[in-house]
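Chains as they are written, first to last, in my numbering: chain E, 473 to 696; chain X, 473 to 696. All residues carry an ideal CB built from backbone N, CA and C; glycine is no exception.
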DNA sequence: AATTTCATGTAATTCGTTACATGATTCC
DNA sequence: GGAATCATGTAACGAATTACATGAAATT
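See below:
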């Protein structure tokens with residue numbers, strides 16, 4: 473039960489795994505670096521951090537201020553809180569990363585998963601990418617069917633909207649195909665004809681050259 | 473104040489302008505014909521219909537059943553309700569159609585507006601299309617700036633996600649450019665007054681040939 | 001006769017935003 | 001010394017979902 477989307481929770485855990493941070497900075501990273509897929513407000517973030525602490529996945533640490541901590545034991549001292557992932561939190565995040573089922577195929581969930589692909593194994597990445605692709609293909613099937621049923625009853629603009637929508641989905645499928653291709657090529661290694669050029673070596677995962685997300689919307693940086 | 477998004481309300485009014493319908497059918501059209509941009513559940517739709525009735529924009533009429541109406545004056549008779557737009561509702565919808573300000577540039581709002589372009593004048597369409605384009609260009613600017621600031625700190629997958637996201641937005645801008653171009657080319661035009669016209673011929677507005685929406689997600693037809 | 005699809009609704013819950021309230025620090 | 005930005009939080013509200021509850025009509 474309880475169908476919670478948990479995207480914010482997931483992203484917070486993932487970001488804190490890289491380094492401890494306080495809420496304000498976390499939110500900025502959520503909305504810019506990772507902001508491709510979603511913008512979050514403080515009204516969402518701070519309460520979320522508190523529940524993550526209550527779950528034992530994060531701990532609060534006194535903020536960056538160097539000396540002041542001991543001198544001012546008095547009341548109003550508004551804390552600057554740095555959040556750090558606990559071992560349990562790390563474990564929990566890894567557990568979340570291992571879920572490759574249907575939930576991870578959905579628009580925003582998928583984007584969040586993809587943003588943390590750097591912390592997963594190739595096998596997991598493959599399952600998520602392929603799952604996403606199959607989800608989109610189902611979608612296309614439905615759109616095509618619906619279009620076929622209703623085509624003549626719709627006006628030009630509605631039709632154009634549907635057409636563009638379908639093309640967007642088709643485009644993402646192509647993107648996924650390339651990503652999957654790259655993942656496969658990943659470590660097995662290409663038959664490569666010649667010259668082992670060193671410059672941009674490494675590249676363990678192998679990414680293609682374009683980009684993409686499902687729903688871009690950083691919207692605004694300054695809360696407003 | 474009260475910042476309500478009103479997309480559902482808008483779409484219901486727009487669909488009922490073409491023809492009276494009952495809730496069930498309305499929901500299907502919302503999720504298939506128009507479903508490109510959003511799926512709605514009954515838990516959302518039915519209460520919304522009631523408030524639209526309370527506002528005087530719709531009236532409820534006895535359902536399609538032919539004879540039965542007079543015979544069974546007794547209790548439990550679950551009604552089949554057909555909703556029809558009142559003159560006030562029509563007026564209200566036209567008033568909504570005339571808003572071409574910033575709200576109409578946003579992702580889902582824009583898609584909803586576009587879906588009813590057939591019922592607007594060219595001048596209004598132009599303002600909405602150009603507004604949408606400027607909104608996307610701002611977005612691109614922010615994304616580019618953010619990318620420039622953080623590029624080297626991000627891993628390949630995050631970068632790839634951002635790249636694909638930006639390309640999606642750029643693609644939509646190109647689509648808008650073509651639409652704007654077509655609008656300019658296609659002389660004056662019909663604000664179409666409801667009623668399903670058989671399309672094809674004419675090509676009054678002048679549409680380009682691809683398709684597109686901001687956020688495809690009919691997700692499922694069968695509620696669950 | 002049973003199943004699917006049509007058809008309408010309500011209650012509890014989830015997820016998130018806006019507006020408010022407060023204050024520290026840094027830049028100009 | 002004033003503005004911008006950093007920093008943390010809460011309360012009221014909004015929009016929508018899911019699960020529940022009910023039942024009629026059409027199809028197999």
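Which first and last residues belong to the alpha helix (DSSP H) in which residue i is found?
i	result
residue 559 of chain E	559-570
residue 574 of chain E	Looking at the DSSP string, residue 574 of chain E is not in any alpha helix (DSSP H), and its letter there is neither H nor E.
residue 582 of chain X	579-587
residue 523 of chain E	514-526
residue 608 of chain E	594-622
In the DSSP assignment, what are the bridge partners of residue i?
i	result
residue 554 of chain X	X:494 and X:533
Going by CA-CA distance only, name the one from the options that's closest to residue i.
i	options	result
residue 633 of chain E	X:642, X:574 and X:580	X:580
residue 533 of chain E	E:523, E:520, E:587 and E:557	E:557
residue 511 of chain E	E:524, E:526 and E:484	E:484
residue 613 of chain E	E:592, E:624, E:496 and E:637	E:637
residue 618 of chain X	X:635, X:513, X:514 and X:519	X:635
residue 487 of chain X	X:498, X:524 and X:478	X:498
residue 489 of chain X	X:565, X:495 and X:610	X:565
residue 553 of chain X	X:623, X:492, X:503 and X:516	X:492
residue 654 of chain E	X:596, X:505 and X:629	X:629
residue 610 of chain X	X:595, X:641 and X:527	X:641
residue 518 of chain E	E:494, E:504 and E:478	E:494
residue 477 of chain E	E:578, E:504 and E:515	E:578
residue 571 of chain E	E:551, E:563 and E:596	E:596
residue 648 of chain E	E:626, E:598, E:526 and E:621	E:598
residue 496 of chain X	X:526, X:551, X:523 and X:527	X:551
residue 505 of chain E	X:626, X:643 and X:652	X:626
Which residues in chain E sit within 8 angstroms of residue i, going by Cβ to Cβ distance?
i	result
residue 587 of chain X	629, 630 and 633
residue 590 of chain X	627, 628, 629 and 630
residue 622 of chain X	504 and 505
Can you name the residues of chain X whose CB is closer than 7 angstroms to the CB of residue i?
i	result
residue 647 of chain E	636
residue 558 of chain E	None at all; the shortest Cβ gap to chain X is about 23 angstroms.
Below 6 angstroms CB to CB, which residues in the same chain sit around residue i once its five sequence neighbours on both sides are set aside?
i	result
residue 531 of chain X	556 and 558
residue 588 of chain E	486
residue 569 of chain E	592
residue 615 of chain E	638
residue 621 of chain X	none
residue 524 of chain E	530
residue 652 of chain X	601
Below 7 angstroms CB to CB, which residues in the same chain sit around residue i once its five sequence neighbours on both sides are set aside?
i	result
residue 500 of chain E	none
residue 585 of chain E	576 and 600
residue 624 of chain E	none
residue 561 of chain E	485, 529 and 530
residue 694 of chain X	Residue confidence is low: residue 694 of chain X scores 41 on pLDDT, short of 50, so the model does not pin down where it sits. Its coordinate-derived value is still stated next. Excluding residues within five positions, none has a Cβ falling inside 7 angstroms.
residue 502 of chain E	483 and 512
residue 526 of chain E	none
Could you tell me which chain X residues have their CB closer than 9 angstroms to the CB of residue i, listed as they occur along the chain?
i	result
residue 583 of chain E	633 and 637
Quick one: what's got a C-beta closer than 8 angstroms to residue i's C-beta in the same chain, skipping five residues either side?
i	result
residue 520 of chain X	480, 481 and 484
residue 645 of chain E	605, 608, 609 and 612
residue 574 of chain X	603 and 607
residue 516 of chain E	480
Report the neighbours of residue i on chain X: residues whose CB is nearer than 8 angstroms to its CB, in chain order.
i	result
residue 572 of chain E	In chain order: nothing, as chain X lies at least about 16 angstroms away.
If you measure from the CB of residue i, is any heavy atom of the ligand ATP nearer than 7 angstroms?
i	result
residue 653 of chain X	Absence of the ligand ATP is noted for the structure shown, with no ligands found whatsoever.
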